[in-house]
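See below for the structure under consideration.
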Amino acid sequence: MSVTAMQTKTMMQTKAAVLLEFNGASKRYVNVENQCVDALLPVTAKLHNGEFASLLGPSGCGKTTLLKMAAGLLEPSSGNITLADGQPVKPGSYGFVFQSAALLPWRTAFDNVMLPATVLGLPKSSSKRRALELLEMVGLSHALHKRPHELSGGMQQRVSIARALLHDPALLFMDEPFGALDAMTREELNLELQRIHLNYAKSVLFVTHDIEEAVLLSDRILVMSSGPGRLVKEIQVQLERPRSLAVKRDPEFYRIVQEVRDLLHRPVTIVNRPTPNS
Ligand code: ADP
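Per our numbering, residue 2 is the first one in the sequence shown, and the count goes up by one each step.
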């Protein structure tokens with residue numbers, strides 16, 4: 002059995018364990034006119050160990066809101082989001098990759114990846130070793146000493162992925178990380194992310210509004226809809242891993258893309274509204 006196949010098998014075995022639970026988490030914002038706006042109706046769902054789950058839906062349906070609540074960066078208006086032990090996710094226990102690479106312009110690629118070592122007070126020498134390994138893993142060994150303005154958009158996003166992994170978090174939150182990239186770079190990085198996910202057995206919660214990207218990368222897709230934002234359906238993607246771009250010609254890939262597309266174009270019916278406690 003190849004290493005990748007073994008790792009895939011190990012991941013399948015550990016998938017049953019729940020890592021993160023969304024227990025009726027909703028969000029109501031107060032807008033500039035001081036009116037309450039339901040951005041997200043209660044979401045109940047689970048993220049399993051080693052799983053790659055995508056939050057997929059149109060702009061404004063609450064994907065980022067849900068991701069930020071999961072990361073503890075935003076308080077739910079009702080319900081909660083906890084780890085399996087009932088505790089909220091703690092800052093420093095996960096990696097976060099944003100749509101823009103958000104690198105410090107005066108720091109080199111290497112020093113940007115080392116940033117969490119300073120913030121989290123990690124040991125210097127082992128962090129340096131890991132930063133070098135991670136930059137090699139994302140194909141940037143030749144660019145260690147370049148500053149962000151000397152790197153392409155795809156290279157910058159590779160640096161930000163390496164930075165998010167420096168402290169070896171079990172959980173990675175990604176908010177449309179490839180949204181600003183051209184189609185070819187995006188596909189390259191999709192495959193690279195899959196490799197990282199499989200080799201490092203990370204659990205990933207990934208925001209996208211690109212249906213094919215979600216099907217290519219995910220074990221499970223949480224399909225969301227707007228007006229107001231809500232979870233419409235969870236779809237399992239059981240296509241064999243590792244997936245190449247050729248999977249897009251697989252009839253099962255096409256079937257899932259169609260199913261998601263139909264869900265996204267379905268008329269809105271709101272079943273129950275929340276009673277947020279704040
Ligand atoms: P998505 O990530 O799916 O594009 P968001 O989570 O960013 O959606 O936003 C969901 C809804 O909540 C949108 O209608 C957005 O305008 C609104 N919203 C987001 N953040 C705020 C905020 N801080 N104050 C008021 N409304 C907000």
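Don't be surprised by glycine CBs; every beta carbon is placed ideally from N, CA and C.
{"Item": "Does S94 come within less than 8 Å of chain C when only Cβ atoms are used?", "Value": "Going by chain labels, chain C is absent from the structure shown, which holds only one protein chain."}
{"Item": "Output the boundary residues of the beta strand (DSSP E) element that contains S128.", "Value": "First-last for S128: 125-138, but that is the alpha helix (DSSP H), not the beta strand (DSSP E)."}
{"Item": "If I measure Cβ to Cβ from S27 and keep anything under 8 Å in the same chain, skipping five residues before and after, which residues do I get?", "Value": "D39, L41, L42, P43, V44, P77, S78, S79, G80, P275, P277"}
{"Item": "Would you check if the distance between the CB atom of A102 and the CB atom of L136 is smaller than 8 Å?", "Value": "no"}
{"Item": "Can you check whether the CB of L68 is closer than 8 Å to the CB of V208?", "Value": "yes"}
{"Item": "DSSP beta-bridge partners for D39?", "Value": "R29"}
{"Item": "Is the separation between the beta-carbon of G280 and that of P89 shorter than 8 Å?", "Value": "Because the chain here runs from 2 to 279, residue 280 falls outside it and cannot be looked at."}
{"Item": "Consult DSSP for T119 and reduce its assignment to one of helix, strand or coil.", "Value": "helix"}
{"Item": "Would the beta-carbon of N35 be found less than 7 Å away from any heavy atom of the ligand ADP?", "Value": "no"}
{"Item": "What does the Cβ neighbour count give for L105, buried or exposed, with the cut at 16 atoms within 10 Å?", "Value": "exposed"}
{"Item": "Just the C-alpha distance for R221 and Q36, rounded to the nearest angstrom, thanks.", "Value": "35 Å"}
{"Item": "Which ranges would you report for the alpha helix (DSSP H) in the stretch 185-235 if only whole runs of at least 4 residues count?", "Value": "212-218"}
{"Item": "For the stretch 87-118, list the alpha helix (DSSP H) runs that are entirely contained and at least 4 residues long, ordered along the chain.", "Value": "110-114"}
{"Item": "In the DSSP output, what is Q237 paired with across the bridge?", "Value": "R221"}
{"Item": "Along the beta strand (DSSP E) that carries A1, what are the first and last residues, could you check?", "Value": "With the chain running from 2 to 279 in the structure shown, residue 1 is simply not present."}
{"Item": "Just curious, the alpha helix (DSSP H) that F174 is in, first and last residue?", "Value": "Run containing F174: none in the alpha helix (DSSP H); it sits in the beta strand (DSSP E), 172-176."}
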